[in-house]
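Structure record follows, encoded as structure tokens.
Residue numbers (the working numbering): 206 to 375.
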């Protein structure tokens with residue numbers, strides 16, 4: 206048991222050290238709006254442009270999770286992954302497709318150093334490409350060590366049976 210605990214502590218320490226090497230400015234992580242915009246700026250860009258997924262990972266707490274609720278026919282399923290796995294899998298795909306994600310609306314609820322952000326989005330392939338998808342991102346955030354951190358990020362696409370309510374598009 207002691208070896209397991211030591212192993213977990215060491216792996217968390219390595220993650221924290223790696224994240225500490227990525228320099229993020231107050232303009233990138235000093236506000237909730239800024240950290241969300243920074244994440245979208247990192248994953249968006251023209252075809253062939255590599256995404257800085259190390260910087261993307263530095264937006265998150267070391268043990269943060271990402272995931273989505275997806276739909277197939279009349280049923281839905283949930284996929285949860287680590288930020289590391291998400292970055293490894295999606296960074297190259299975003300570069301290959303010329304992926305862009307734009308904010309349609311943002312609502313923030315905050316209490317002290319805790320916050321939840323509910324952000325609607327649209328995605329495109331190419332900056333001026335047609336809208337490929339719309340949906341909702343939900344962020345759980347914490348303010349610590351002079352900056353905001355993403356503790357978790359969940360998303361779900363809009364569907365014909367589950368359209369985004371107009372109130373969330375403002």
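Beta carbons: idealized from backbone N, C-alpha and C, even for Gly.
Item, Value
"Please classify residue 292: is it buried, with 16 or more other beta-carbons within 10 angstroms of its beta-carbon, or exposed?", "buried"
"Which first and last residues belong to the beta strand (DSSP E) in which residue 306 is found?", "304 to 316"
"Check this for me: beta carbons of residue 361 and residue 340, under 9 Å apart or not?", "yes"
"Short of 6 Å in beta carbon distance, which residues of its chain neighbour residue 257, apart from the five on each side in sequence? Order them along the chain.", "247"
"Considering only residues of the stretch 227 to 279, which uninterrupted alpha helix (DSSP H) runs meet the minimum length of 4 residues and lie entirely inside it, listed in chain order?", "231 to 234, 237 to 248 and 258 to 262"
"Could you give the DSSP three-state label for residue 289: helix, strand or coil?", "helix"
"In this structure, does DSSP put residue 342 in helix, strand or coil?", "strand"
"I need the DSSP call for residue 365, collapsed to helix, strand or coil.", "coil"
"How many Å lie between residue 365 and residue 350 at the Cα?", "42 Å"
"Can the beta-carbon of residue 307 be found less than 9 Å from the beta-carbon of residue 326?", "yes"
"Report all residues from its chain with a CB closer than 8 Å to the CB of residue 302; omit the five preceding and five following residues, and keep chain order.", "252 and 330"
"Distance check for residue 295 and residue 320, CA to CA, integer angstroms please.", "26 Å"
"How many angstroms separate the CA atom of residue 353 from the CA atom of residue 289?", "19 Å"
"Check each candidate in 265, 226, 374 and 278 and name the one with the smallest Cα separation from residue 234.", "265"
"If you draw a straight line from the C-alpha of residue 272 to the C-alpha of residue 283, how long is it?", "7 Å"
"Under a Cβ-count criterion, where at least 16 other Cβ atoms within 10 Å of its own Cβ denotes burial, should residue 316 be classed as buried or exposed?", "exposed"
"May I have the straight-line CA-CA distance separating residue 242 from residue 261, to the nearest angstrom?", "11 Å"
"Within this structure, are the beta carbons of residue 300 and residue 270 separated by less than 9 Å?", "no"
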